[in-house]
Every structure is written in structure tokens, then in C-alpha cells.
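Visitor: In this note's numbering, the protein residues as written are 2 to 89. One structure, pasted below without further comment.
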């Protein structure tokens, strides 16, 4: 029993100490190709938790997709939706 407590304590200590790494990688340094967002934030009242929090490199996909327009005559399609009394 004491043997298991030792390993659990040692593993817990390892996890705690390894999570305290001071990572100073700045997101602005990653975007050398100009893919980092440089515009002003959309909402000035919401401040990031740390510098560069919302500034990431552009995400590019190689997945092909096909868009087909079914109808352009729907003026306000959301008006056909209704909220039920029980919330569903």
C-alpha cells in the first residue's frame, strides 16, 4: 500500500512541476508570412487574458468543397422558424 502511495505522490509532483513551465512563445513571432491577424479587435471592451491571446496564424485547409445555390428567392428564410413553448 505504501508503495502505491509513493508512486502516486511522485507522479502528482511530476505533473505539478511540469505544468509550471514558463512558455514565452509570442504568437506575433510565428506569422512571418503575414498570416497573423493585424487588424483591431472587434470588441474593445473584451480584453485578452495575456498578450497575443487571439492572434494566431491563419488556418489553411486543403479539403475541397462544392457550393451549390438551391434558391435565391428566399427573402427571409428564418421567418419560417418558430419557438415552441417548451423550448424545443
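The beta-carbon is built from N, C-alpha and C at its ideal position, and this holds for glycine as well.
With H, G and I counted as helix, E and B as strand and the rest as coil, what does DSSP make of residue 69?
Guide: Counting from 1 along the chain shown, the entry for residue 69 is found at position 68. Shown here, residue 69 sits in coil according to DSSP, grouped into three states, outside any helix or strand.
Visitor: Let me know if residue 29 comes out buried or exposed under the rule of 16 or more other beta-carbons within 10 Å of its beta-carbon.
Guide: Working through the chain shown from its first residue, we reach residue 29 at position 28. Confidence is the limiting factor: at residue 29 the pLDDT is only 46, short of 50, which leaves the residue's position unreliable, though a coordinate-based value still follows. With fewer than 16 other Cβ atoms within 10 Å, it is exposed.
Visitor: Between which two residues does the alpha helix (DSSP H) carrying residue 19 extend?
Guide: Reading the chain shown from its first residue, position 18 is the one you call residue 19. Counting along the chain, the alpha helix (DSSP H) containing residue 19 begins and ends at 3-19.
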